[in-house]
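Before any comments, here is the structure.
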Amino acid sequence: MNQPGFHSHLSVPALQFEGVSKRFAARGRSSEVLAVRDINFRVAGGEVVSIIGPSGCGKSTLLNMGAGLSRPSAGLVRVGGEPVTGPNKHVAFMLQKDLLMPWRTIAENVEFGLELRAVATQRRQEVSHRLLQQCHLQGFEKHYPHQLSGGMRQRAAMARTLAVDPLVLLMDEPFSALDAQTKMILQQDLAQTVAREGKTMVFITHDLAEAAALSDRILVMSERPGTFIEEIAVDMPDRDNPMQRRKHTRLSELVSHLMSLLKLDAHSKVH
Ligand SMILES: Nc1ncnc2c1ncn2[C@@H]1O[C@H](COP(=O)(O)OP(=O)(O)O)[C@@H](O)[C@H]1O
Ligand SMILES: [Mg+2]
Numbered sequence: 004m005n006q007p008g009f010h011s012h013l014s015v016p017a018l019q020f021e022g023v024s025k026r027f028a029a030r031g032r033s034s035e036v037l038a039v040r041d042i043n044f045r046v047a048g049g050e051v052v053s054i055i056g057p058s059g060c061g062k063s064t065l066l067n068m069g070a071g072l073s074r075p076s077a078g079l080v081r082v083g084g085e086p087v088t089g090p091n092k093h094v095a096f097m098l099q100k101d102l103l104m105p106w107r108t109i110a111e112n113v114e115f116g117l118e119l120r121a122v123a124t125q126r127r128q129e130v131s132h133r134l135l136q137q138c139h140l141q142g143f144e145k146h147y148p149h150q151l152s153g154g155m156r157q158r159a160a161m162a163r164t165l166a167v168d169p170l171v172l173l174m175d176e177p178f179s180a181l182d183a184q185t186k187m188i189l190q191q192d193l194a195q196t197v198a199r200e201g202k203t204m205v206f207i208t209h210d211l212a213e214a215a216a217l218s219d220r221i222l223v224m225s226e227r228p229g230t231f232i233e234e235i236a237v238d239m240p241d242r243d244n245p246m247q248r249r250k251h252t253r254l255s256e257l258v259s260h261l262m263s264l265l266k267l268d269a270h271s272k273v274h
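Each residue of the sequence shown is one higher than the last, beginning at 4 in the numbering used here.
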């Protein structure tokens, strides 16, 4: 298992939100917080969709429901047509924080998900070796997370996310703490893997160029309670080559359009 194409007998699942709202009990407030309201969207199997929107508008809340880590207050989330009632073995997520276990080596961190699935030791080592090579971390297998830079730790987190060969990737600002160059290299690696293996991906980011470089479609959210205010088809070739996309004028046009939707251009006026 875990070779590219292992899932070739399975269709890549779609991810679907149907009338999803989420309320949280008040944290020291008198009323509840309505984080997201009546969210409807579908990410087709093999499609990459980015979600952008102001801080606190409910992006992470949506992703957590997709991952089965929290339940909607109303509505339904489906993966591959099946209602999500808890974590799904075909769905993996990655956060800005690397979540590596400090007491495990990099290779042991990458192998963790396979251990939980009782994959034999030799097989686990083959997978972690291949992925660490793919993520440019060969030679660091026996290092511990604290011995690596932030960028390297995030590479290791990406290898760990990919190790269980998920069909659906839910990415919550995974590269936002990285420097610009490391970020572009990781985007390139991720885009190639996702295209080669035909994965479904939802990618949350504050970086508008990143959204345009990586996705087929971009969904723009309003302030809380978050709801979608616009859907944009990226309509560019080279989804497997974000560096190439960055050279297209279409990318800067998209970024300007997204800035105006988010009313960021108003801040560029000289006062
Ligand atoms: N576990 C929680 N309990 C209470 N409120 C929460 C919880 N998680 C998120 N919220 C609130 O829901 C809103 C949306 O949060 P979040 O999804 O993290 O936004 P984003 O990821 O877009 O920045 C915020 O107002 C946040 O304070
Ligand atoms: Mg968030």
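Ideal Cβ placement from N, Cα and C applies to all residues, glycine included.
Residue 251 places its beta carbon 7 Å or farther from that of residue 262. Taking each of 42, 108, 194 and 14 in turn and checking the Cα distance to residue 233, the smallest one comes out for 42.
Distances from the alpha-carbon of residue 68 to those of 100, 86, 148 and 128 put 86 closest.
Taking a C-beta distance under 7 Å as the contact criterion, residue 23 and residue 78 qualify as a contact pair.
178 is the residue among 265, 178 and 186 whose C-alpha sits nearest the C-alpha of residue 98.
Environment of ligand 2, chain-ordered: 62, 63, 175, 176 and 207, taking every residue with Cβ within less than 7 Å of a heavy atom. Proximity of the segment 41-57 to the segment 132-139 falls short of the contact definition, fewer than three beta-carbon pairs being nearer than 8 Å.
A distance below 7 Å separates the beta carbons of residue 206 and residue 217.
The segment 191-202 and the segment 155-173 touch, with three or more beta-carbon pairs separated by less than 8 Å.
Taking C-beta atoms under 8 Å as the contact rule, residue 51 and residue 248 fail to qualify, at a distance of about 12 Å. DSSP, reduced to helix, strand and coil, places residue 68 within a helical segment of the structure shown. In this structure, the alpha-carbon of residue 19 lies about 8 Å from that of residue 84. In chain order, 97, 138, 177, 189, 192 and 193 place their CB closer than 8 Å to the CB of residue 161, counting only its own chain and leaving out the 5 sequence neighbours on each side. Collapsing the DSSP output to three states places residue 180 in coil.
The C-alpha of residue 74 is placed about 32 Å away from the C-alpha of residue 195.
Relative to ligand 1, the beta carbon of residue 59 is positioned inside 6 Å of a heavy atom. In the same chain as residue 268, and ignoring 5 residues on each side of it, the C-beta atoms closer than 7 Å to its own belong to 262, in chain order. Contact between residue 221 and residue 212 is ruled out by a C-beta separation of about 11 Å, above the 8 Å threshold.
Here residue 231 carries a strand assignment [DSSP, helix/strand/coil]. Apart from the 5 residues on each side of it in sequence, residue 130 sits with its Cβ closer than 8 Å to the Cβ of 5, 113, 114, 117, 122 and 166 in its chain, given in chain order. Cβ-Cβ distances below 8 Å link residue 21 to 43, 78, 79, 80 and 81 in the same chain, with the five nearest sequence neighbours on each side left out; the list follows chain order. By the Cβ neighbour-count rule, residue 181 is buried, with 16 or more other Cβ atoms within 10 Å of its own. Residue 110 and residue 26 have their C-alpha atoms spaced approximately 39 Å apart. Counting C-beta atoms within 10 angstroms of its own C-beta, residue 158 has 16 or more neighbours from the protein chains shown and is therefore classed as buried.
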